[in-house]
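In case it helps, this note's numbering puts the sequence shown at residues 37 to 293.
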Amino acid sequence: MNLTTSHDTAPIAVYPDLRGKVVVVTGAGGGIGTAAVDAFAQQGAVVIGLDLAAGQTQPQRPDVHHMTVDIADTDQIADAVDRIADDHGKIDAWINNAGFMARMPAFDMDLESWNKTIAINLTGTFFGAQAAARVMVDNGGGSIVNLSSYAALKARPNCTDYAAAKAAVVHLTSCLALEWGPLGIRVNAIAPGYIRTPMSSWMHADPVNYESYVGKTPLRRMGEPAEIAQMMLHLSSDTSSYVTGQTFLVDGGVTKA
C-alpha cells in the first residue's frame with residue numbers, strides 16, 4: 037500500500053490487491069456512493085453500482101457497470117446478485133452504502149415513514165449482505181462493509197427512525213461477522229459523521245445549522261465522501277484481513293464532543 041497526503045485532500049492510498057476484484061456498491065448514485073465507485077474503479081476493481089437511477093448521474097466508464105435496483109425490494113436484490121454472479125462469477129466485496137433519512141420529530145413519525153427508513157437502512161442492508169455472502173461462500177470468502185452512522189452511537193433529535201436503524205446495523209455487523217467468519221467472510225461497518233453530501237444539504241447549505249452542528253466537531257469541518265470511500269477500500273482489501281465485526285467511526289470526533 038502506498039500513501040500520499042496533502043492538507044486539502046483526503047489521503048490517497050493504493051491497494052494493489054483490489055485490482056480485478058468484483059466490488060458491488062449499493063446507493064451508487066449518492067454522494068458517498070459516487071465517491072466509492074470512483075475509488076474502487078481507480079484501484080482497478082470491476083465495479084457494479086446499484087441504484088434506483090443507475091448510471092444517470094455518473095459519467096459512463098468501461099470499468100463500472102450500473103444496475104437499476106431498489107435496495108428496499110428483496111426480490112430485486114436477489115435478482116441483481118444472481119446476474120452479477122452469472123456475469124462475473126464471484127463477488128469479492130459488497131458495500132452496503134444505500135441509505136435514506138427524512139428528518140422529522142418523533143411525534144410526527146407515521147408508519148409509512150418508519151417502514152421506508154427501516155426497509156432501506158436495515159432490511160436492505162441485511163438481505164444485500166445475505167445474498168452477497170451466498171456467492172462469497174463458493175469463492176472462499178470476501179468482505180462486506182455496512183454503512184452505519186455516528187447517529188447510531190450519539191443521540192440526535194429529529195432522526196429517531198434513522199438512528200434506530202443505523203444502531204441496528206452496528207449489531208447486525210457484529211452478528212454476521214461472528215456467524216460468517218468461519219466461512220472466510222469478513223463483515224465490518226463504517227459510521228460516518230457529518231459528510232458533505234446531498235443528504236446533508238440541510239446542514240451545510242445553512243450557516244446557522246452548519247455552525248450548530250459542525251462547529252462543535254473537534255476538527256471543525258465536514259468530512260468529504262472520499263474520506264469514507266478510503267475506509268471502504270481498506271476494509272475491502274487484504275490490509276484488513278484480520279479485521280471483522282468492527283464499526284469504525286469516521287466522524288471528525290463528533291461523537292466525543
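Backbone N, C-alpha and C fix where the C-beta goes; we use that ideal spot for every residue, glycine too.
- Query: Which whole runs of the alpha helix (DSSP H) in the stretch 181-218 are 4 residues long or more, in chain order?
  - Reply: 196-216
- Beta-bridge partners of SER179, as assigned by DSSP: ALA129 and ARG222
- Task: Using three-state DSSP, classify GLY160 as helix, strand or coil.
- Result: helix
- Query: If we count the other Cβ atoms within 10 Å of its Cβ and call it buried at 16 or more, is VAL244 buried or exposed?
  - Reply: Here VAL244 is exposed. Its C-beta has fewer than 16 other C-beta atoms within 10 Å.
- Task: With a cut-off of 8 Å on the beta carbons, I'd call MET235 and GLY67 a contact; round off their distance for me.
- Result: 7 Å
- CA-to-CA distance, ILE226 to SER185, given in whole angstroms: 7 Å
- DSSP state of PHE136 mapped onto helix, strand, coil: coil
- What does a CB cutoff of less than 6 Å around ILE84 pick up in its chain, not counting 5 residues either side in sequence? The beta carbon of ILE84 sits closer than 6 Å to the beta carbons of VAL60, HIS101 and ILE120 from its chain, once the five residues preceding and following it are set aside; these are given in chain order.
- Query: Closest by CA to ALA108, which one among GLY164, VAL58, ARG232 and GLN78?
  - Reply: GLY164
- Item | Euclidean distance between Cα positions of ASP99 and SER210 | Each residue's alpha carbon lies about 32 Å from the other.
- Would ASP87 be called buried (16 or more neighbouring beta carbons within 10 Å of its own) or exposed? buried
- Item | Sequence-distant residues of its chain with Cβ nearer than 8 Å to ALA168 (five each side left out) | VAL60, VAL117, ILE127, TRP130, GLY178 and ILE180
- Spell out the partners DSSP gives ASP87 in its beta bridges. THR104
- Message: Going by C-alpha to C-alpha distance, which of ASP111, GLY288 and VAL171 sits closest to ALA221?
- Response: A small fix is needed here, since residue 221 is Ile in this sequence, not Ala. That would be VAL171, whose Cα lies nearest to the Cα of ILE221.
- Query: How far does the alpha helix (DSSP H) with THR62 in it reach, from first residue to last?
  - Reply: Per DSSP, THR62 belongs to no alpha helix (DSSP H); it is in the beta strand (DSSP E), 58-62.
- For VAL250 and SER42, the rounded distance between their alpha carbons: Its pLDDT being 39, under 50, SER42 is placed unreliably in this model, and the value from its coordinates should be taken loosely. Answer to the nearest angstrom: the Cα atoms are 22 Å apart.
- Who are the near neighbours of THR153 in its chain, counting only those whose CB is closer than 8 Å to its CB and skipping five residues on each side? PHE136, MET137, ALA138, ASP197, TYR198 and ALA201
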